[in-house]
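What follows is a short report on a single structure.
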Amino acid sequence: MTVVDAVDDGALSTLDIERRSVNKIFKCWSGYKDRRIFIYLRHAICRAEQSLTHQVLRKISPQEASLLKDPTLNARLRFRFAGENYPPVIVYKIFINANVQYMSGASGIAAGSAAAREACEVMGGRRFTDIVLADLEGAAPLP
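Position one of the sequence shown corresponds to residue 1 (UniProt numbering), numbered consecutively onward.
Here you go:
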């Protein structure tokens, strides 16, 4: 039985109709309120991106702000919304406009270089040798 059939049969009472009307009004109002909050958050994020990066980052994450005190790094913050549900989670990413060379664990350190010597000193000879051998075993065969 559909709602139209129920209305035609007179099965819906006045109380049921009022309850459904109240639910529709509540959903419309909460949707309007959520859209307004989202617009406010979006504008707040835009203002934060355009303001001074170090001051914004200092309020969000003081530990990361202390790493980026150097003005030569020319760091920028970019915000975005994340999450599947409302209200969204605000996440950020730090961009650095400097000559920085990123190294990953997959890229090897040249043997005999200063970096290799320092890594050996920090890790200890045994641990360093174990890691180098594990990397060689996992890599392609040497020519």
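From the three backbone atoms N, C-alpha and C, an ideal C-beta is built for every residue, glycine too. Because the structure is a prediction, the values reported are computed rather than measured.
Is the beta carbon of Ala48 closer than 9 angstroms to that of Leu68?
Taking the sequence shown and counting its residues from 1, the one referred to as residue 68 is at position 68. Taking the sequence shown and counting its residues from 1, the one referred to as residue 48 is at position 48. No, the Cβ-Cβ distance between Leu68 and Ala48 is not below 9 angstroms.
Would the segment 79-90 and the segment 35-52 be scored as touching if the rule is three or more Cβ pairs under 8 angstroms?
yes
Tell me, to the nearest whole angstrom, how far the beta carbon of Ala110 is from that of Ala119; I am working on the premise that it is less than 8 angstroms.
Walking along the sequence shown from the start, residue 110 turns up at place 110. Walking along the sequence shown from the start, residue 119 turns up at place 119. No, Ala110 and Ala119 are not in contact; Cβ-Cβ is about 11 angstroms, not under 8 angstroms.
Mind reading off the beta-carbon distance from Ala82 to Ile94? Whole number of angstroms is fine, and I expect it under 8 angstroms.
In the sequence shown, residue 82 corresponds to position 82, counting from 1. In the sequence shown, residue 94 corresponds to position 94, counting from 1. About 16 angstroms separates the two Cβ atoms, so there is no contact after all.
Grouping DSSP H, G and I as helix and E and B as strand, with all else coil, what is Ile17?
As a first step, residue 17 is located in the sequence shown; it is residue number 17 there, counting from the start. In the structure shown, Ile17 adopts helical secondary structure according to DSSP, grouped into three states.
Spatial distance of Met1 from Asp16 (CA atoms)
Mapped onto the sequence shown, residue 1 falls at position 1. Mapped onto the sequence shown, residue 16 falls at position 16. Model confidence at Met1 stands at a pLDDT of 49, short of 50, so the residue's coordinates are unreliable and nothing is read from them.
Since Ala65 and Leu57 should fall inside the 8 angstroms C-beta cutoff, what is the C-beta to C-beta distance between them, to a whole number of angstroms?
Position 65 of the sequence shown holds residue 65. Position 57 of the sequence shown holds residue 57. Right, the Cβ-Cβ distance comes to about 4 angstroms (below 8 angstroms), so this counts as a contact.
Gln55 to Lys27 span [Cα, whole Å]
The residue you call residue 55 lines up with position 55 of the sequence shown. The residue you call residue 27 lines up with position 27 of the sequence shown. Cα to Cα, the separation comes out at about 39 angstroms.
Please name the residue in Ile60, Thr14 and Asn23 whose C-alpha comes closest to that of Phe79.
Counting from one through the sequence shown, the residue named residue 79 turns up at place 79. Among Ile60, Thr14 and Asn23, the Cα nearest to that of Phe79 is on Ile60.
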